[in-house]
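S.K.: Shown below is the structure under consideration.
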Ligand code: SAH
C-alpha cells in the first residue's frame, strides 16, 4: 500500500467517507440506540481499518463481515447495543472482553471505559487486533491468548464482562469473575436460537434479563495457534 493511499484510508476519504459514517450513525439512532457517548465513539472509530482492504468499502454498512478463520467482525448495531447495556448504570473501570476478533469492539470499548482486558483464542487474529489498537493509539487494553470459557482469573473481578461469541451456557468462570454490582452482556444459545442476556451480580446471586434474538459465531474451546 502506498503512503498516500495509507493516509487516505486513515483520514477516511472515498468509500469510507464521513458521509457514509454519518449514515451509519443515523441508522443506529433510528434503531433505538440512544447513548450519545457510544454513538460518538462509533462515529469516530475507523471500522474500515478492522477489515481486509477488499471489504473496506462495506465497513460502514450495518452488517457483520468476514475477518478470516471463520470469524466475523461484529455488526455495528450489536457493538453499540452491547456497549450501551454495559454502561447503562454508569461508567466502568475494568471490563473483560471475550472474543477480541478484529479488535473493533475492543477499540470502541477502550474509548468508553478505563481499562479493557481482552481474551482471544486465535493467535493471528489477536496479533492483528493488537497492531490496530497500537496504530490508533488506544493503549488502555491488555490482551491474552487463551480460552474465554476460563475468563482471566488472575485479574478478576471485573465490573463489566462482554462476550462476543455465543455460548451454550453462561460460563461459570465468568460469573465467578464478575464484581458485586458488575454487569455481563452475553449471547447464549445455539445455532439459530440465540438470545442476548444481561446478567447482573446482585448482593445475593444474579439477576438475568433476556433482551433480544441475536446471531453470533460460537464460543469454542481452547486456544488455537
Ligand atoms: N467483537 C469481535 C467479534 C469477533 S467474532 C469483532 O468485532 O471483531 C468472535 C471471536 O470470538 C472470534 O475471534 C473467535 O475466535 C473468538 N472466540 C471464540 N471462542 C473463543 C474462546 N473460547 N475464547 C476466546 N475467544 C474465542
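In my numbering, the protein residues as written are 1 to 225.
Even glycine gets a Cβ: it sits at the ideal position worked out from N, Cα and C.
Would you call the CB atoms of residue 300 and residue 174 closer than 8 Å?
M.R.: Look at the range of the chain in this structure, 1 to 225, and you will see that residue 300 is not part of it.
S.K.: Indicate the three-state DSSP secondary structure (helix, strand or coil) for residue 63 in the structure shown.
M.R.: If you number the chain shown from 1, residue 63 lands on position 63. Residue state, collapsed to three classes: coil.
S.K.: Would you identify the three-state DSSP class for residue 90, choosing helix, strand or coil?
M.R.: As a first step, residue 90 must be located in the chain shown, where it is residue number 90. Residue state, collapsed to three classes: coil.
S.K.: Nearer than 7 Å: is that true of the beta carbon of residue 142 relative to any heavy atom of the ligand SAH?
M.R.: The sequence position of residue 142 within the chain shown is 142, counting from 1. No.
S.K.: Restricting to Cα atoms, I'd like to know which of 125, 162, 190 and 182 is closest to residue 69.
M.R.: For the purposes of this step, residue 69 is identified with residue 69 of the chain shown, where counting begins at 1. When only C-alpha atoms are compared, the closest one is 125.
S.K.: Are there any heavy atoms of the ligand SAH lying less than 7 Å away from the beta-carbon of residue 191, as far as the coordinates show?
M.R.: As a first step, residue 191 must be located in the chain shown, where it is residue number 191. False, no ligand heavy atom lies under 7 Å from that Cβ.
S.K.: What's the gap between the Cα of residue 214 and the Cα of residue 104?
M.R.: On the chain shown, residue 214 is found 214 positions in, with the first residue counted as 1. On the chain shown, residue 104 is found 104 positions in, with the first residue counted as 1. Rounded to whole angstroms, residue 214 to residue 104 spans 18 Å at the Cα level.
S.K.: The alpha helix (DSSP H) spanning residue 132 covers which residue range?
M.R.: Locating residue 132 in the chain shown gives position 132, where the first residue counts as 1. Segment 123 to 135, the alpha helix (DSSP H) holding residue 132.
S.K.: Using a Cβ-Cβ cut-off of 8 Å (strictly less than) and excluding sequence neighbours within five positions of residue 22, which residues of its own chain qualify?
M.R.: One-based indexing of the chain shown puts residue 22 at position 22. Shown here for residue 22: same chain residues with a beta carbon closer than 8 Å to its own, the five before and five after excluded, namely 43 in chain order.
S.K.: DSSP state of residue 205, grouped into three classes?
M.R.: To locate residue 205, count along the chain shown from 1; it is residue 205. Three-state DSSP puts residue 205 in coil, outside helix and strand.
S.K.: Mapping DSSP to helix, strand and coil, what is residue 120?
M.R.: Counting from one through the chain shown, the residue named residue 120 turns up at place 120. Strand, per DSSP.
S.K.: Measure the alpha-carbon distance for residue 82 versus residue 132 and round it to whole angstroms.
M.R.: Counting from one through the chain shown, the residue named residue 82 turns up at place 82. Counting from one through the chain shown, the residue named residue 132 turns up at place 132. For residue 82 and residue 132, the distance between alpha carbons rounds to 21 Å.
S.K.: Counting only beta-carbon separations shorter than 8 Å, does residue 124 have a partner in chain B?
M.R.: This model lacks chain B altogether; it includes just one protein chain.
S.K.: I need the straight-line Cα distance from residue 66 to residue 156, nearest angstrom please.
M.R.: Here residue 66 refers to the residue found at position 66 when the chain shown is read from its first residue. Here residue 156 refers to the residue found at position 156 when the chain shown is read from its first residue. Straight-line Cα distance between these residues: approximately 31 Å.
S.K.: Using beta-carbon positions only, say whether residue 148 and residue 99 come within less than 8 Å of one another.
M.R.: Sequence index remark: in the chain shown, residue 148 carries index 148 (1-based). Sequence index remark: in the chain shown, residue 99 carries index 99 (1-based). Yes, Cβ-Cβ distance for residue 148 and residue 99 is below 8 Å.
S.K.: Going by DSSP, which residues form a beta bridge with residue 200?
M.R.: Position 200 of the chain shown, counting from 1, holds the residue named residue 200. Looking at the DSSP assignment, residue 200 forms a beta bridge with 183 and 207.
S.K.: Starting from the Cα of residue 305, find the closest Cα among 20, 26, 19 and 225 and give me that residue.
M.R.: There is no way to answer for residue 305, as the model of the chain reaches only from 1 to 225.
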